[in-house]
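Protein chains in written order, with our numbering: chain A, 1 to 730; chain B, 1 to 161.
No residue lacks a Cβ here, since even glycine has one placed at the ideal position from N, Cα and C.
Computed from a predicted model, the values in this text were never measured in an experiment.
See structure below.
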Amino acid sequence: MIAISNTGSQWASRRAFLRASVAVGGGLLLDFSMPAVFAAAKADTAAAAGTLNAFVQISNDGIVTIMSKNPEIGQGIKTMLPMLIAEELDVDWSSVRIEQALSDPARYGQQFAGGSRATPLNWDALRRVGAAARQMLVTAAAQTWSVPAAECATQSGKVLHTPSKRSMSYGRLASKAALLPPPDLASLPLKDPNDYKIIGKSVAGVDSPLVVTGQPLFGIDVTVPGMLYAVFAKSPVFGGTAVSANLDAIKSQPGIRDAFIVRGGAVFNGLASGVAIVATHWWLADKARDLLEVVWDEGATASQSTEGFARQAVQLSAQAPAAKVASEGDVIQALAASAKQLEAAYSYPFIAHATLEPQNCTAHVQDGKVEIWAPTQNPDAGRKIVAKTLGITDADVTIHMTRCGGGFGRRLMNDYMVEAAWISKQVGAPVKLLWNRQDDVQHDFYRPAGFHFFKAGLDSAGKLQAFKDHFVSFGENGKAASSADLNANEFPAKFVANVELGMSLMPLGVPTGPLRAPGSNGLAFVFQSFIDEIAHAAGQDPLQYRLALLGERRVVGSFDTGRMIDVLNLVGEKSAWGRRPPGKGSGMGIAFYYSHLGYFAEVVHATVGAGGRISVDKVWVVGDVGSQIINPTSAENQVQGAALDGIGEALGQVITLNNGRVVQRNFDDFLLLRMNQAPPVEVHFLKTDHPPTGLGEPALPPVLPALCNALFAATGVRIRSLPIDPKLLA
Amino acid sequence: MQYTIHVNGKAQGLEADPQMPLLWVLRDVLDLKGTKFGCGKSFCGACTVHLDGVPTRSCITPISAVGSAAVTTIEAIAATPAGRAVQKAWLAVDVVQCGYCQAGQIMSASALLAKKPKPTDEDIDQAMSGNICRCATYTRIRAAIKQAAGQPTLDTRDKFL
C-alpha cells in the first residue's frame, strides 16, 4: 500500500521524491553501474531501434515514442508525463507517439495514480530523462561532425551546428546515440521555462480520438483468445464467508462452464470468500447468478448499522476523547472565559467511489505464471497480492495497465485483480471477471463516515480564542481506519491560542479507503462550515474573518499562509464577493482548503426555491499549484470536474449500512451529479514561484463547505450533515 | 434463438437468448466494445445506442425487441452529419477525462442535434441528464454540443459573466 499523505509535509514530499528519483531518472545519480532507465539501450537491437532509455525511442524516420508510465484514470497523466520528457528532449509534440508502459517499477520507478503525486514526483525526474536523451543525441551529432558538443544546439527534433550551418535529424542520430553512455543526470542543464514549447501549452488527451470513436481501451474491453467470463458473488455482510451454495443448479444453466465456492481470507484488500460463476458470456453468468442461493456465515459485523454508529458517536461525544490529536493552551478555561460560545455537531456519511466502469480484470494463469489486464491505480501492489495468493513470485506476474474508466481511489485496491487471477487458475483458462453495479456499490472501500462535535469561544471583539473538536471516527486499537484519521495540523489548529482536537474510535467491519482527496473531502466540509458559523457569530464577513484567522504571511508546518491569502483574495475578486446584491433565496458561500500541496479557495452562488429545491448557480475556483500549469486544458478540466464532484457528494451521495449490509444498489439510490445539476465553474490559477504540484484532488474539498455556506447565506439554515437534506431548507 | 439485426449498416445473423440485452450482443457477440456497461438498469446512459435514430439504452433492450430497427453504435456514428460534428467538437473542446461515459454522451448528443440543430441550454439539460459523467465533464459536454451546433459555447445559464 502506498502511503498517501493528505496534507503532504515538505519533508514527506522530499523523501518521496528521492525514492522516485532512485528508480526513475535520478537513479543515475546514485548508481552508474546499472541504471535501470538506460539498461535497455545496452542491447544492440535496442540501439538499432533507437532506444535511448526506458522512456524514449526514436525511429530512423524521426517518430519519437515515449512511454507513459502511470495508470490513466482520467486525470490526464498519459498525456502530461510524456509532455515533460518531450519538452526537454526538444521535439515537436506532433512527432511524438505515446505508449502505455507495463507495470515494471524496476524500469520505470513508481507507477501509481494516487495522492495527486504524479506531478511533484515526476516534474524534475522526467524532465531529466528527456534532457538526458537530448544530450546523447547532441553528443552523437558532435562525434559525427567532429565538433565540440558545446557548439551544438537542438530544435524540433534536430541537432544543429550553427557555425557550420549543419543539422541532422534525431532519427538519423538515434542508433548511434543509443550506444553512448548516459550522462550525469544531476548536472544536466534544463530549459529556461521561458523557452518551453510544450509545457504550459494545452495538449489534447492522447487517447481522446480513440475514446470518441469507441475503440477498445478500457479493462472491460480486453479480449483474450479462449477467454471465459466470470461473476463473483460475495457476502452482503463484509467479511462473511460462503458455507454452501446450489452449485449444481447453477451449473445446469445455459452457457455455464463452472461454479464454485472460493474460501478466501480475512483481508479486505485480498481474495474474499464468495461464489464464482464462469460462463461463455458474461450476461449468462450474471443471469445464472439471479438463481444463486448461498448460505453465508455472516461473521461478526451483521448487526452494524448507520443509525447505530450515529447513536454510538453521540454517546462517545459525551465522554472525553480517547486520544488527543492536538492540544494547545487551555481550551476549557478559554471556553469558560469567552464572551460568546458556539457548539455544533457535524457529520458526513460513508460514500462509494462508483467508478463508471465497474471493477473488472482479465487474468490468464498458465504454467505457474499469470498475465493480467487490469484497470488499476496501483499495479505493483496488485502484483504482490496476486503472487502471494497464488503462491508464485512477483516476477511471474505480468500486468498490463488498461485505461481506467474512473479511479477516484477505488482502484488503489486490487481485490478484483486477485479474484480474476484465482478464478482463472481454478478453471484453467483466461477469465474476464466483471462486477455488476450492485457488486460495485456494495463492495467498495468506502469513504468513512465521520462525526465531529465542535465547540468554539470568541472574545468580545469576535476573535476566535478557543476551538475544540471531538472527532468520533472509526478504527481499532488506537489506529484510525483508512482515510478516517485527523492530524494535528487541521486548520485552524495552529491558528488559535487554545485548541483541542480529540478523537474516539468505533470498531468497524466495513472496508474503507481513500476517495478523491481522502480525509480532506469530509474534514473540509466540517471545519470550513464551522468556521463560517464562527464568522457569522462574530458578525463579520466570512472572507475577511478567514483572512484574519490566517493572519501574517508565514509558513506553518508545510502550510504557506501567504499562498492561501492570495487565492482567497483572488476568488473574492473574481466572484465579486460582498459586492453582489443578494437575490431572493440566493446566497454566496466561501471556503478554502489546503490539501495535496495545493491551495484552493472557492465561492459558490446558490439559490433555494420552493420545497428547498437547490440550484447551484455558479462556482468560482482559484488555485495555486505552483509555477507551471503543465497542461492548461487538462488542468481546467480536472478542477471543474473536482468541484462538480464535490457538489455531487454534497447533494446526493450516501451509503447506508443496515444489518451489516449496504442498502444502496445502483444509480437510482446512489446519486451522482447530472447535467441539469451542474453549474458553470470558473477556474483561475495563481502561478507562484513554487514547484508544480498535482491537481487530481485539491480542488474538491473546499466546494462542499462553500456550497453549504452559500445555502446558509441564502436561507439562514446551517447544513451540518451530508448529503444536504432539502427539507431542512424548505 | 436466431436473430438477424442491422448494426451500423450491416445485417448480422446471430444466436442468442431472447432476453439477452442488445448491449451484451454488441459487446460480447459482435465484438463492438465501444458501447459501455455502467449500471445495467438504464440509469447511467453509458450503453446508449440509436435504434432508427432514437437514443436507446441498450442494457435494458432485449435482442428480441430490436427487430428490423437500424442499430447505430459509437463505432459508426461518424457516418451521420450530427455524429461527425459532435465527435469533432468533443476533440476540439477536449471534453474527455476518463472517457468511459463519452460514447453514450456522444450518442445522446448526436440524437439531440439531429432533432434540434440549435439546442438551448434547457434542451441540453433535457437530452443529456440521463447520461452520467462520473468525472463530471458536464461543462465541456455542454460547450462541445454548442460548438457542434455552430453556436457560441457560452453557458447562457451563467448570470455572472
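- [ ] Identify, in the order they occur along the chain, each residue of the same chain with its Cβ nearer than 7 Å to the Cβ of G8 (chain A), setting aside the five sequence neighbours on each side.
- [x] Bear in mind that a pLDDT of 31 at G8 (chain A), under 50, signals an unreliable position, so the model cannot answer this.
Open item on the list: Between the alpha carbons of L356 (chain A) and N131 (chain B), how many angstroms are there, rounded?
Closed with: 11 Å
Open item on the list: Using beta carbons (cut-off 8 Å, strictly below), is S208 (chain A) in contact with chain B?
Closed with: yes
TODO: Starting from W282 (chain A), find everything on chain B with Cβ-Cβ shorter than 9 Å and list it in chain order.
DONE: W24, R27, D28 and F37
- [ ] With a threshold of 16 other CB atoms inside 10 Å of the CB of A40 (chain A), please say whether the residue is buried or exposed.
- [x] Residue confidence for A40 (chain A) is low, a pLDDT of 47 falling below 50, so the modelled location carries little weight and cannot support an answer.
- [ ] Starting from the Cα of M503 (chain A), find the closest Cα among A:V662, A:A318 and A:G74 and give me that residue.
- [x] A:A318
Task: 8 Å Cβ cutoff, M128 (chain B) in contact with chain A - done: yes
Open item on the list: Taking the straight line between their C-alpha atoms, what separation do you get for H690 (chain A) and K384 (chain A)?
Closed with: Between H690 (chain A) and K384 (chain A), the C-alpha separation is close to 36 Å.
TODO: Locate the beta strand (DSSP E) running through W373 (chain A), then write down its first and last residues.
DONE: K369 to A374
Open item on the list: Please state the DSSP three-state secondary structure of S110 (chain B).
Closed with: helix
Task: Cβ neighbours of S33 (chain A) in the same chain (closer than 6 Å, five flanking residues each side left out) - done: Residue confidence for S33 (chain A) is low, a pLDDT of 26 falling below 50, so the modelled location carries little weight; the figure read from the coordinates is stated next. Cβ neighbours of S33 (chain A) beyond the five flanking positions: none.
Task: D155 (chain B) at chain A interface by Cβ criterion, 8 Å - done: yes
Open item on the list: Tell me the DSSP secondary structure of Y196 (chain A) in three-state form.
Closed with: coil
- [ ] Could you tell me which chain A residues have their CB closer than 8 Å to the CB of V66 (chain B), listed as they occur along the chain?
- [x] Going along chain A, no residue has its Cβ under 8 Å from V66 (chain B), so there is no contact; the nearest lies around 15 Å.
TODO: Tell me whether A12 (chain A) sits in a helix, a strand or coil according to DSSP, three-state version.
DONE: In this prediction, A12 (chain A) scores a pLDDT of 32, lower than 50, which makes its location untrustworthy; no coordinate-derived value is stated.
TODO: Using the DSSP secondary-structure output, state which residues sit across from I261 (chain A) in a beta bridge.
DONE: A:V275
Task: Q75 (chain A) - DSSP class collapsed to helix/strand/coil - done: coil
- [ ] Just tell me which of B:H50, B:A46, B:A148 and B:V66 has its CA closest to the CA of P18 (chain B).
- [x] B:V66
- [ ] Show which residues of chain B have a CB atom less than 7 Å away from the CB atom of L672 (chain A).
- [x] I132 and R134
Task: Members of the region 209–241 of chain A that neighbour chain B once the beta carbon cut-off is set at 8 Å - done: For the region 209–241 of chain A, the set of residues with a beta-carbon nearer than 8 Å to any beta-carbon of chain B comprises P209, V211, V212, T213, G214, Q215, P216, L217, F218, I220, D221, T223 and Y229, in chain order.
Task: Length-filtered (3 minimum) beta strand (DSSP E) runs lying within the region 544–620 of chain A - done: For the region 544–620 of chain A, whole beta strand (DSSP E) runs of length 3 or above, ordered along the chain, are 586–595 and 598–608.
Task: Alpha carbon of E533 (chain A) to alpha carbon of E328 (chain A), nearest angstrom - done: 22 Å
TODO: Using three-state DSSP, classify W296 (chain A) as helix, strand or coil.
DONE: strand
Open item on the list: For S33 (chain A), would you say it is in contact with chain B, using Cβ-to-Cβ distances shorter than 8 Å as the test?
Closed with: Unreliable placement is indicated for S33 (chain A), whose pLDDT of 26 sits below 50; the coordinate value is still reported in the next sentence. By this cut-off, S33 (chain A) is not an interface position.
Task: DSSP state of R142 (chain B) mapped onto helix, strand, coil - done: R142 (chain B) carries a helical assignment under DSSP once its states are collapsed to helix, strand and coil.
Task: For T79 (chain A) and W206 (chain A), the rounded distance between their alpha carbons - done: Reading the sequence as shown, one finds Val at residue 206 (chain A) and not Trp. If you take the alpha carbons of V206 (chain A) and T79 (chain A), they lie about 6 Å apart.
Open item on the list: So the candidates are A:T607, A:A177, A:I77 and A:T241; which of them puts its Cα closest to the Cα of A204 (chain A)?
Closed with: A:I77
- [ ] Count the CB pairs spanning the region 417–434 of chain A and the region 302–309 of chain A that are closer than 8 Å, and state whether there are at least three.
- [x] no
Task: Cα-Cα separation, L102 (chain A) to A230 (chain A) - done: 25 Å
Open item on the list: Could you give the first and the last residue of the continuous beta strand (DSSP E) run that contains I58 (chain A)?
Closed with: V56 to I58
Open item on the list: Within 8 Å of any Cβ in chain A, is that where the Cβ of A148 (chain B) sits?
Closed with: no
TODO: Using a Cβ-Cβ cut-off of less than 8 Å, give me the residues of the region 355–368 of chain A that come near chain B, in sequence order.
DONE: T355, L356, E357 and P358
Task: Near-chain A residues of the region 83–98 of chain B - C-beta to any C-beta below 7 Å - done: Q87, W90, L91, D94, V96, Q97 and C98
Task: Members of the region 612–632 of chain A that neighbour chain B once the beta carbon cut-off is set at 8 Å - done: D617 and K618
TODO: Could you tell me how far apart the beta carbons of T672 (chain A) and A178 (chain A) are, in whole angstroms, since I believe they sit closer than 8 Å?
DONE: It should be pointed out that residue 672 (chain A) corresponds to Leu in this sequence rather than to Thr. The Cβ separation is near 48 Å, so there is no contact.
- [ ] For F525 (chain A), return the contacting residues in chain B, with the cut-off set at a CB-CB distance below 8 Å.
- [x] Neighbours of F525 (chain A) on chain B: none; closest Cβ ~18 Å, over 8 Å.
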